[in-house]
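Asker:
Number of protein chains: 2
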Amino acid sequence: MARLVGRLRAPTLVPRRQRRSAEREKSIRAAALRIFRQKGYHAASMQNIADAVGLYKGSLYYYVSSKEELLVRLFEGRADQVLGEIRAITYGTGTCTEQLRAMARAYVLGVLRNLDSVRVYLREEYVLPSAALRQVHAEQRTMRDLFERVIGDGMRDGSFVGTDPKLAALALLGMCTWVHRWYRPKGRLTETAIADDFAERAVRMLCP
Amino acid sequence: MARLVGRLRAPTLVPRRQRRSAEREKSIRAAALRIFRQKGYHAASMQNIADAVGLYKGSLYYYVSSKEELLVRLFEGRADQVLGEIRAITYGTGTCTEQLRAMARAYVLGVLRNLDSVRVYLREEYVLPSAALRQVHAEQRTMRDLFERVIGDGMRDGSFVGTDPKLAALALLGMCTWVHRWYRPKGRLTETAIADDFAERAVRMLCP
DNA sequence: ATATACCAAACGACCGTTCGATAGAAACCG
DNA sequence: CGGTTTCTATCGAACGGTCGTTTGGTATAT
Numbered sequence: 099m100a101r102l103v104g105r106l107r108a109p110t111l112v113p114r115r116q117r118r119s120a121e122r123e124k125s126i127r128a129a130a131l132r133i134f135r136q137k138g139y140h141a142a143s144m145q146n147i148a149d150a151v152g153l154y155k156g157s158l159y160y161y162v163s164s165k166e167e168l169l170v171r172l173f174e175g176r177a178d179q180v181l182g183e184i185r186a187i188t189y190g191t192g193t194c195t196e197q198l199r200a201m202a203r204a205y206v207l208g209v210l211r212n213l214d215s216v217r218v219y220l221r222e223e224y225v226l227p228s229a230a231l232r233q234v235h236a237e238q239r240t241m242r243d244l245f246e247r248v249i250g251d252g253m254r255d256g257s258f259v260g261t262d263p264k265l266a267a268l269a270l271l272g273m274c275t276w277v278h279r280w281y282r283p284k285g286r287l288t289e290t291a292i293a294d295d296f297a298e299r300a301v302r303m304l305c306p
Numbered sequence: 099m100a101r102l103v104g105r106l107r108a109p110t111l112v113p114r115r116q117r118r119s120a121e122r123e124k125s126i127r128a129a130a131l132r133i134f135r136q137k138g139y140h141a142a143s144m145q146n147i148a149d150a151v152g153l154y155k156g157s158l159y160y161y162v163s164s165k166e167e168l169l170v171r172l173f174e175g176r177a178d179q180v181l182g183e184i185r186a187i188t189y190g191t192g193t194c195t196e197q198l199r200a201m202a203r204a205y206v207l208g209v210l211r212n213l214d215s216v217r218v219y220l221r222e223e224y225v226l227p228s229a230a231l232r233q234v235h236a237e238q239r240t241m242r243d244l245f246e247r248v249i250g251d252g253m254r255d256g257s258f259v260g261t262d263p264k265l266a267a268l269a270l271l272g273m274c275t276w277v278h279r280w281y282r283p284k285g286r287l288t289e290t291a292i293a294d295d296f297a298e299r300a301v302r303m304l305c306p
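Protein sequences appear in the order of chains A and B.
Per the working numbering, numbering of the first sequence is gapless, rising by one per residue and ending at 306.
Per the working numbering, numbering of the second sequence is gapless, rising by one per residue and ending at 306.
#1: Do we get a CB-CB distance below 8 Å when we pair Gly156(A) with the residues of chain B?
#2: Given that Thr275(A) touches chain B, what residues does it touch there, using C-beta distances under 9 Å?
#3: Residues of the stretch 282-303 of chain A with a CB closer than 8 Å to any CB of chain B: list them in chain order, please.
#4: Please state whether the Cβ-Cβ distance between Lys137(B) and Tyr219(A) is less than 8 Å.
#5: Please work out which residues of its chain come closer than 6 Å, Cβ to Cβ, to Glu123(B), disregarding the five sequence neighbours upstream and downstream, and give them in chain order.
#6: Scan the stretch 187-249 of chain A and note each continuous alpha helix (DSSP H) run of 4 residues or more that stays entirely inside, going in chain order.
#7: Looking at the C-beta of Arg114(B), does it have a partner C-beta in chain A at a distance below 8 Å?
#8: With a threshold of 8 Å between beta carbons, is His140(A) in contact with chain B?
#9: Is Thr191(B) buried or exposed, if buried means 16 or more other CB atoms sit within 10 Å of its CB?
#10: Does the CB of Tyr219(B) have a neighbour CB from chain A at under 8 Å?
#11: Short of 7 Å Cβ to Cβ, which residues in the stretch 215-245 of chain B face chain A?
#12: Using a beta-carbon distance below 8 Å, is Lys137(A) in contact with chain B?
#13: Give a yes or no on whether the C-beta atoms belonging to Leu198(B) and Ile249(B) are separated by under 8 Å.
#14: Determine contact between the stretch 167-183 of chain A and the stretch 248-263 of chain A, defined as no fewer than three beta-carbon pairs at a distance below 8 Å.
#15: Counting only runs that start and end within the stretch 111-178 of chain B, where is the alpha helix (DSSP H) found for 4 or more residues in a row?
#16: Are the CB atoms of Val392(B) and Thr275(B) nearer to each other than 8 Å?
#17: Taking only the alpha-carbon atoms, compute the straight-line gap between Leu270(B) and Glu298(B) and give it to the nearest angstrom.
#18: Can you confirm whether the stretch 178-196 of chain B touches the stretch 257-267 of chain B when touching is taken to mean that 3 or more C-beta pairs between the two stretches lie within less than 8 Å?
#19: Below 8 Å between beta carbons: does that hold for Leu265(B) and Ile184(B)?
#20: DSSP three-state call for Val301(A): helix, strand or coil?
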């Protein structure tokens with residue numbers, strides 16, 4: 099009986115606080131991301147984040163165990179989507195050239211659609227505890243390996259020029275990663291325009 | 099008479115303390131650069147720098163007026179040399195292709211030969227007081243304009259493909275700037291090998 | 001004797017974090 | 001349904017620590 103009452107009220111009443119609480123936590127993480135991006139991790143204070151969500155700084159610790167945890171959690175799983183997309187491209191059909199074009203495009207779009215994360219991700223590496231840092235480096239190595247393999251395949255079968263796939267991958271990824279420094283969402287060019295352009299540029303950089 | 103004695107001793111004795119003092123100041127700035135690069139500006143303490151040069155942290159203020167000044171001075175004139183080299187190339191003779199190749203090469207070498215500065219320069223921008231920040235942005239804009247102009251000239255006379263010199267310059271500079279993130283002095287490749295390779299890549303990215 | 005280069009301690013500010021108190025919402029019970 | 005208890009989210013103050021900076025003293029070289 100009690101269970102029945104519980105069941106009936108659950109969909110409307112029980113979740114109310116839980117939902118509010120979950121929203122709070124989300125808004126805290128969103129504020130942290132924004133403020134870490136604007137001022138950098140060390141220059142950003144818990145007070146800044148608290149102000150942004152309308153709490154006292156001490157109250158943040160009801161949702162978060164430390165400032166560092168706040169940063170680490172921002173990184174978690176952030177690269178998975180793009181990494182998955184790009185890996186799928188290498189599994190699919192298509193010439194090396196087509197694959198590389200699609201990969202570069204996906205990578206640039208990934209950067210452009212996660213601007214704040216990418217900026218924090220690239221600047222605050224050295225703040226991470228070593229476990230999280232290893233994770234980040236592993237992701238970066240995986241990404242580089244994916245490009246390196248396709249480029250290497252292309253070089254061996256004559257689709258691409260050059261003999262150093264690692265160096266080529268670093269050049270290509272550098273070009274594509276750097277967009278996070280100059281892209282402005284309100285700017286002259288759309289995300290897809292930039293991604294398409296850079297994908298074409300990546301291919302041309304390697305084609306005979 | 100006192101003046102005469104002063105004159106006679108000056109070349110050997112008076113400069114001794116001055117020389118030691120100047121060396122101290124230089125070693126402080128060198129330590130600051132190294133430590134700022136390793137830990138980031140905010141995470142680096144005056145104590146860290148003092149330890150590195152064998153002083154008490156309070157004693158640093160005999161040479162330096164503040165931590166911020168220490169950072170700002172690290173930036174001063176740092177871009178001048180490369181900027182001058184590259185400007186000279188655009189003033190010289192040579193086709194657009196030749197000029198662009200030489201410019202990219204000089205730029206990459208500039209990054210590789212000033213690794214620590216570049217890393218701090220790119221990460222700590224947001225710490226600078228606004229006057230120094232404007233200076234930094236002006237230098238970056240100047241650099242981009244130099245590349246943009248040569249690329250634009252080449253596009254108009256058919257040496258280069260494409261219609262957006264600004265975007266091409268951003269792609270090229272991104273590729274070349276990013277070397278600061280992965281280059282290790284003890285690594286497999288020499289500075290000039292990387293610079294030559296990237297210069298060739300830059301040209302290929304733009305040639306029909 | 002005098003100026004220099006440095007020491008050693010202290011100061012004041014700020015920051016991340018902790019903690020006891022509390023108001024209001026939810027849960028329980030007769 | 002009304003009253004009581006429990007729990008939750010937040011407050012507001014305080015704490016411990018670190019850091020940049022100041023200052024008064026002092027040994028040494030000039």
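Here a beta-carbon is modelled for each residue, glycine too, at the ideal position from N, C-alpha and C.
Answerer: In this structure, then:
#1: Chain B has no Cβ within less than 8 Å of the Cβ of Gly156(A).
#2: Result: Gly272, Trp276, Arg279.
#3: The stretch 282-303 of chain A vs chain B, Cβ under 8 Å: Leu287, Ile292, Asp295, Phe296, Arg299, Arg302, Met303.
#4: Using a Cβ distance threshold of 8 Å, Lys137(B) and Tyr219(A) do not count as a contacting pair.
#5: Tyr161, listed in sequence order.
#6: For the stretch 187-249 of chain A, the full-length alpha helix (DSSP H) segments reaching 4 residues or more read 194-210, 213-221 along the chain.
#7: Closer than 8 Å: no.
#8: With its beta carbon less than 8 Å from one in chain B, His140(A) belongs to the interface.
#9: Exposed, since its Cβ has fewer than 16 Cβ neighbours within 10 Å.
#10: Not one beta carbon of chain A lies nearer than 8 Å to the beta carbon of Tyr219(B).
#11: Of all residues in the stretch 215-245 of chain B, only Arg221, Tyr224 come within less than 7 Å of chain A when Cβ atoms are compared, listed by chain position.
#12: Answer yes: the Cβ-Cβ gap between Lys137(A) and chain B drops below 8 Å somewhere.
#13: Less than 8 Å separates the beta-carbon of Leu198(B) from that of Ile249(B).
#14: In short, these stretches do not touch, since the Cβ pair count stays below three.
#15: Counting only runs of 4 or more, we get 112-137, 144-151, 165-173.
#16: Nothing about residue 392(B) can be read from this structure; chain B reaches only from 99 to 306.
#17: Roughly 11 Å separates the two Cα atoms.
#18: Three or more Cβ pairs drawn from the stretch 257-267 of chain B and the stretch 178-196 of chain B lie within less than 8 Å of each other, which places the two stretches in contact.
#19: Taking 8 Å as the Cβ cut-off, Leu265(B) and Ile184(B) do not qualify as a contacting pair.
#20: In the structure shown, Val301(A) falls within a helical segment according to DSSP collapsed to helix, strand and coil.
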